[in-house]
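Going by UniProt numbering, the sequence shown opens with residue 1, and the numbers climb by one from there.
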Amino acid sequence: MSKDNPRETAEQTLQGKLQSLARSPVLLVASDYDGTLAPIVNDPAAARPNREAIVALRTLAGMPNTHVAVISGRALRDLAELSELPDEVHLVGSHGSEFDRDFHRSLDPALVQLKKDLRTQLEQIAATDPGLLIEDKPASLALHYRNARPESEKKVLDAILRGPGSLAQVNVRHGKKVVELMLLPTHKGDALERIRARVGASAVLFLGDDRTDEDAFETLTGPDMGIKIGDGETAAEFRIDDTTDVARLLAEVCELRYEWLETGRAVAIEQHAMLSDLRTCALLTPDARLTWLCLPRIDSPALFADLLGGPTAGYFSIRPLDNGEHEPLQQYEGDSFVLETRWPSFTVRDFLDCSDGRPHQRAGRSELVRIVEGSGEVAIEFAPRLDYSRVSTRLEVKEWGLQVGHPTDPVVLYAPGVEWQILQFGAHDSAHAVVKLDPGTPLILELRYGMGPPTGRADLALDRARKTREFWEGWATRLTLPRTARELCKRSALTLKALVYGPSGAFSAAATTSLPEHVGGTRNWDYRYCWLRDAAMSAHTLVQLGSITEAMQYLDWVLGVVDRCFSPERLRPLYTVTGSDLPPEAEITELPGYRSSRPVRVGNSASMQVQLDVFGPIVDLIFMLLEHDAPLSGEHWRLVTAMVQAVERRWEEPDHGIWEIRADRRHHVHSKAMCWLTADRAVKIAHSFIGKEPADWVTLRDTIAAEIHQRGFHPSVHA
């Protein structure tokens with residue numbers, strides 16, 4: 001085909017690259033103005049953009065994780081007036097010199113005077129031909145010769161290059177029938193890289209027609225895409241004919257981007273509600289659909305993984321039989337993790353049972369209780385999927401509800417009086433039911449893991465809901481909260497508490513795995529483990545709010561980890577919530593990921609890294625507890641000593657740092673600062689335990705500080 005019709009093949013290649021580009025996690029679409037969005041005209045002030053192109057850019061700028069920029073040689077003020085683009089679009093003028101309209105006020109006085117001198121010389125040259133036009137910009141002067149006599153062109157260029165353009169302080173740039181004298185050595189490539197960094201773009205599309213656009217094309221790498229408009233040599237990968245083609249192409253990018261975002265659409269993470277029993281967590285959407293639950297422990301395989309794999313990965317929903325147009329209202333009951341989702345005719349209350357000491361019992365038995373009260377008909381869908389849907393999941397109907405067939409531990413759904421229909425979907429079963437609610441009589445649905453069906457009554461479920469609410473509210477009432485954002489602070493504290501693993505005192509970094517940093521990206525990690533650093537900071541926060549229990553329990557967990565460790569300097573950055581080493585990192589290829597963000601990972605290879613910042617936050621936490629008169633003991637002094645010993649032996653080494661970079665180890669200022677923090681806080685703690693400052697610890701602290709000042713601070717950037 002390429003031999004018969006090379007143009008058709010080029011178009012197919014262009015189309016394929018556009019489709020790939022549109023699926024970028026964070027996309028930056030950038031363009032020149034004249035000759036790209038607007039046709040070249042004799043009067044620069046009359047260069048109006050193609051309407052369809054502007055509509056496309058406006059649309060793109062309104063899409064999630066999509067950014068738009070126009071980088072022009074024009075003055076920024078002129079660019080804004082002509083383009084009429086919204087504030088969401090990044091406008092950059094003067095070939096990258098102008099990012100804001102007040103830029104000219106920051107020019108050095110010497111440059112202002114130089115510009116005046118250059119204008120005087122350009123005016124003398126412009127006087128030789130009535131078709132020459134001077135364009136005054138904040139940091140440059142441009143001479144347009146598009147309308148000059150043909151025989152004047154060479155004379156004008158020679159005069160500029162021999163005259164004002166020959167000055168050492170002047171940067172000369174040639175465009176289409178224009179030569180520009182710039183006071184600053186900026187160009188469009190610099191501007192594009194600056195915007196790329198600002199928005200965190202994972203891929204860039206840049207369109208341009210001029211010689212000055214080549215600087216931008218030359219910055220493009222990897223998944224980036226450059227498109228040249230018109231003829232001429234170029235570093236761009238692709239070429240189209242004119243501004244009409246630009247409008248069509250931008251419209252196509254809009255469609256492709258929209259389609260990709262729509263197909264990967266899911267409920268936003270921040271719209272989910274969380275339940276906890278201090279052993280595991282569940283996530284529910286605003287319409288009471290259970291989309292995530294790992295059992296029996298927070299880092300166990302998921303029984304419901306709709307969050308990462310869609311409906312085929314497991315969910316549990318309760319909704320009106322006739323959805324209508326009513327959106328439910330959802331809120332927590334008081335300061336608890338009892339969740340209420342209310343439709344006009346009925347209410348669903350969800351909670352993970354925290355009654356009778358369950359939060360601190362060994363994981364192995366969990367109960368998710370769903371209480372439905374009201375009137376009308378509700379549709380219930382129960383679709384568990386064992387081991388992230390990798391194991392066949394069959395359901396058996398019993399007189400009291402449903403039993404999940406042959407899991408390692410018993411899993412049942414207690415649902416007396418509900419008539420179920422079992423539907424087969426390949427290797428899995430789902431159960432559907434329609435229930436007509438009886439006003440005044442609650443419908444109880446209880447998912448029980450690790451035990452069979454209960455023998456209790458509905459009033460017992462209501463009593464357990466009350467006890468669960470009292471468990472959370474009893475803890476929250478003991479907090480000392482700030483006056484500012486009091487309720488938000490309380491809910492944030494409750495969330496930190498919910499991530500504590502009750503049986504051990506460890507803090508999980510998150511309730512989930514593999515939610516992407518950017519939709520469509522690959523930085524999707526499993527955070528269902530306890531990072532020593534992060535957990536200490538969480539405990540530190542709760543101490544500040546008046547709750548020291550979590551910090552004391554966490555330190556007990558750390559002491560256990562240290563006792564099992566070969567040597568304290570060999571502490572890993574993270575462990576499971578039970579204190580054991582993590583399993584090897586693996587990918588679950590059966591799940592497509594949240595909004596198609598692959599891969600889905602379990603385990604975390606960061607556990608094998610060297611992160612020397614883990615010691616400081618632990619010792620800092622002990623220091624804070626000391627200030628709050630917490631019941632510290634010789635065991636905690638032993639822990640302080642172990643942390644200082646670890647720093648003494650390893651602080652000079654490179655590490656992987658707080659960002660857990662998966663590359664060779666480097667020296668990180670933050671890691672050194674945390675090593676300093678270890679020694680500094682240990683010196684202060686020593687007064688309470690041994691009544692003096694250990695001289696070698698003081699020396700260690702001061703040595704690390706000197707190293708940071710000497711090698712970790714750059715005076716030129718004041719950081």
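We put the beta carbon where it would ideally sit given N, CA and C, even for glycine. Note that the structure is a prediction, hence the values are computed from the model and not measured.
Original post:
Which value, in whole angstroms, describes the spacing of the CA atoms of Ile-422 and Ile-444?
Top reply: The residue you call residue 422 lines up with position 422 of the sequence shown. The residue you call residue 444 lines up with position 444 of the sequence shown. Cα to Cα, the separation comes out at about 20 Å.
**OP:** Enumerate, from N- to C-terminal direction, the unbroken alpha helix (DSSP H) stretches of 4 or more residues contained entirely within the stretch 630 to 711.
**Re:** Those alpha helix (DSSP H) runs which fall completely within the stretch 630 to 711 and span 4+ residues are 634 to 650, 669 to 690, 695 to 711.
Original post:
Based on the DSSP output, what are the partners of Lys-398 in its beta bridges?
Top reply: Within the sequence shown, numbered from 1, the residue matching residue 398 stands at position 398. DSSP, once it has assigned bridges, lists Gly-401 as partnering Lys-398.
Original post:
Nearest CA to the CA of Ser-72: which residue from Pro-64, Glu-237, Gln-645, Asp-215?
Top reply: On the sequence shown, position 72 is the one that residue 72 refers to. Answer by Cα proximity: Asp-215.
Original post:
Residues in its own chain within less than 7 Å of Arg-23 by CB, not counting five upstream and five downstream?
Top reply: Numbered from its first residue, the sequence shown carries residue 23 at position 23. Take Arg-23, set aside five residues on each side of it, and the residues of its chain with a beta-carbon closer than 7 Å to its own are Trp-260, Gly-520, in chain order.
**OP:** May I have the straight-line CA-CA distance separating Leu-133 from Pro-64, to the nearest angstrom?
**Re:** The count along the sequence shown starts at 1 and reaches residue 133 at position 133. The count along the sequence shown starts at 1 and reaches residue 64 at position 64. Spanning the alpha carbons of Leu-133 and Pro-64 requires a straight line of approximately 42 Å.
Original post:
Mind checking whether the beta-carbon of Ala-630 lies closer than 7 Å to any heavy atom of the ligand MG?
Top reply: Summarising the ligand content, the structure contains no ligands, and the ligand MG is consequently not present.
Original post:
For Val-669 and chain B, any beta-carbon pair shorter than 8 Å?
Top reply: Annotation note: the requested chain B is absent from the structure, which comprises a single protein chain.
**OP:** Tell me whether Pro-320 sits in a helix, a strand or coil according to DSSP, three-state version.
**Re:** To locate residue 320, count along the sequence shown from 1; it is residue 320. In the displayed model, Pro-320 falls within a strand according to three-state DSSP.
**OP:** Could you tell me which uninterrupted beta strand (DSSP E) segments, each at least 3 residues in length, are contained entirely in the stretch 27 to 106, listed from first to last along the chain?
**Re:** List check, beta strand (DSSP E) in window: 27 to 31, 66 to 71, 90 to 92.
Subject >> Met-225, DSSP secondary structure in three states >> reply: Along the sequence shown, read from residue 1 onward, the residue named residue 225 stands at position 225. Judged by DSSP in its simplified three-state form, Met-225 adopts strand.
Original post:
Hey, is the stretch 388 to 399 in contact with the stretch 421 to 439, meaning 3+ C-beta pairs nearer than 8 Å?
Top reply: The stretch 421 to 439 and the stretch 388 to 399 touch, with three or more beta-carbon pairs separated by less than 8 Å.
Subject >> Beta carbon of Asp-335 nearer than 8 Å to that of Ala-476 >> reply: Counted from its first residue, the sequence shown places residue 335 at position 335. Counted from its first residue, the sequence shown places residue 476 at position 476. Asp-335 places its beta carbon less than 8 Å from that of Ala-476.
**OP:** Give me the Cβ distance between Ala-288 and Ile-318, rounded to the nearest whole Å; I'm assuming they're in contact under 8 Å.
**Re:** Numbered from 1 along the sequence shown, position 288 holds the residue referred to as residue 288. Numbered from 1 along the sequence shown, position 318 holds the residue referred to as residue 318. The C-beta separation of Ala-288 from Ile-318 comes to about 5 Å, placing the pair in contact by the 8 Å criterion.
**OP:** With DSSP as the reference, please indicate the residues paired to Arg-173 in a beta bridge.
**Re:** Against the sequence shown, residue 173 aligns to sequence position 173. Beta-bridge pairing links Arg-173 to Glu-180.
Original post:
Can the beta-carbon of Phe-382 be found closer than 8 Å to that of Leu-339?
Top reply: Mapped onto the sequence shown, residue 382 falls at position 382. Mapped onto the sequence shown, residue 339 falls at position 339. Not closer than 8 Å, so no.
Original post:
Skipping 5 residues on each side, what residues in its chain have a beta carbon closer than 6 Å to that of Asp-534?
Top reply: As a working mapping, residue 534 is identified with position 534 in the sequence shown. If we look at Asp-534 and ignore the five residues flanking it on each side, its Cβ neighbours are Ala-509.
**OP:** Starting from Gly-616, follow the beta strand (DSSP E) in both directions and report where the run begins and ends.
**Re:** Taking the sequence shown and counting its residues from 1, the one referred to as residue 616 is at position 616. No beta strand (DSSP E) holds Gly-616; the alpha helix (DSSP H) holding it covers 615 to 627.
Original post:
Looking at Ile-227 and Leu-207, is the spacing between their C-beta atoms short of 8 Å?
Top reply: As a working mapping, residue 207 is identified with position 207 in the sequence shown. As a working mapping, residue 227 is identified with position 227 in the sequence shown. Going by C-beta atoms, Leu-207 is nearer than 8 Å to Ile-227.
Original post:
Taking Cβ positions, are Leu-27 and Ala-203 nearer each other than 8 Å?
Top reply: Working through the sequence shown from its first residue, we reach residue 27 at position 27. Working through the sequence shown from its first residue, we reach residue 203 at position 203. Going by C-beta atoms, Leu-27 is nearer than 8 Å to Ala-203.
Subject >> Beta-carbon gap between Leu-91 and Leu-79 smaller than 8 Å >> reply: Reading the sequence shown from its first residue, position 91 is the one you call residue 91. Reading the sequence shown from its first residue, position 79 is the one you call residue 79. Yes.
**OP:** Give a yes or no on contact between the stretch 622 to 641 and the stretch 573 to 584, applying the rule of three or more CB pairs nearer than 8 Å.
**Re:** Contact between the stretch 622 to 641 and the stretch 573 to 584 is absent: fewer than three C-beta pairs spanning the two stretches fall below 8 Å.
Subject >> DSSP bridge partner residues for Met-274 (one or two, in chain order) >> reply: Locating residue 274 in the sequence shown gives position 274, counting from the first residue. Bridge pairing for Met-274: Leu-283 [DSSP].
Original post:
So is Ala-142 buried or exposed if we call it buried at 16+ other beta carbons inside 10 Å?
Top reply: For the purposes of this step, residue 142 is taken as residue 142 along the sequence shown, with counting starting at 1. Buried: at least 16 other Cβ atoms inside 10 Å.
Subject >> Identity of the residues DSSP links to Ile-422 by a beta bridge >> reply: As a working mapping, residue 422 is identified with position 422 in the sequence shown. Partner(s): Ala-431.
**OP:** Taking Glu-707 as the reference, give the member of Ala-682, Ala-673, Val-683 with the closest Cα.
**Re:** Within the sequence shown, the letter at position 707 stands for residue 707. Its Cα nearest to that of Glu-707, the residue Ala-673 stands out among Ala-682, Ala-673, Val-683.
**OP:** Mind checking who Asp-331 pairs with in its DSSP beta bridge?
**Re:** Here the question's residue 331 lines up with position 331 in the sequence shown. At residue 331 the sequence reads Gln, which differs from the Asp that was named. Per DSSP, Glu-340.
Subject >> Residue interval of the alpha helix (DSSP H) (run including Ile-240) >> reply: Your numbering for residue 240 matches position 240 in the sequence shown. Taken as a continuous stretch (DSSP letters only), Ile-240 belongs to no alpha helix (DSSP H), being part of the beta strand (DSSP E) at 238 to 240.
Original post:
Using a Cβ-Cβ cut-off of 8 Å (strictly less than) and excluding sequence neighbours within five positions of His-360, which residues of its own chain qualify?
Top reply: Here residue 360 refers to the residue found at position 360 of the sequence shown. Hits under 8 Å: Leu-278, Gly-502, Pro-503.
Original post:
In the structure shown, what three-state DSSP assignment does Arg-523 receive?
Top reply: Working through the sequence shown from its first residue, we reach residue 523 at position 523. If DSSP states are grouped into helix, strand and coil, Arg-523 belongs with coil.
Original post:
From this set, Thr-243, Gly-405, Gly-474, which residue's C-alpha is nearest Ala-47's C-alpha?
Top reply: As a first step, residue 47 is located in the sequence shown; it is residue number 47 there, counting from the start. With distances taken between Cα atoms, Ala-47 lies closest to Thr-243.
Original post:
In the structure shown, what three-state DSSP assignment does Ser-414 receive?
Top reply: Walking along the sequence shown from the start, residue 414 turns up at place 414. According to the sequence shown, residue 414 is Tyr rather than Ser. Tyr-414 falls in the strand class under three-state DSSP.
**OP:** Just the C-alpha distance for Ala-305 and Gln-331, rounded to the nearest angstrom, thanks.
**Re:** Walking along the sequence shown from the start, residue 305 turns up at place 305. Walking along the sequence shown from the start, residue 331 turns up at place 331. Approximately 23 Å between the Cα atoms of the pair.
Subject >> Where Arg-162 falls, given that 16 or more other Cβ within 10 Å makes a residue buried >> reply: Position 162 of the sequence shown, counted from the first residue, corresponds to residue 162. By the neighbour-count definition (other C-beta atoms within 10 Å, threshold 16), Arg-162 is an exposed residue.
**OP:** Can you give me the start and stop residues for the beta strand (DSSP E) that residue 730 sits inside?
**Re:** Nothing in the structure corresponds to residue 730, since the chain is present only between 1 and 719.
Original post:
Of the residues Ala-705, Val-683, Ser-688, which one's Cα is nearest the Cα of Trp-697?
Top reply: By 1-based counting over the sequence shown, the position of residue 697 is 697. Answer by Cα proximity: Val-683.
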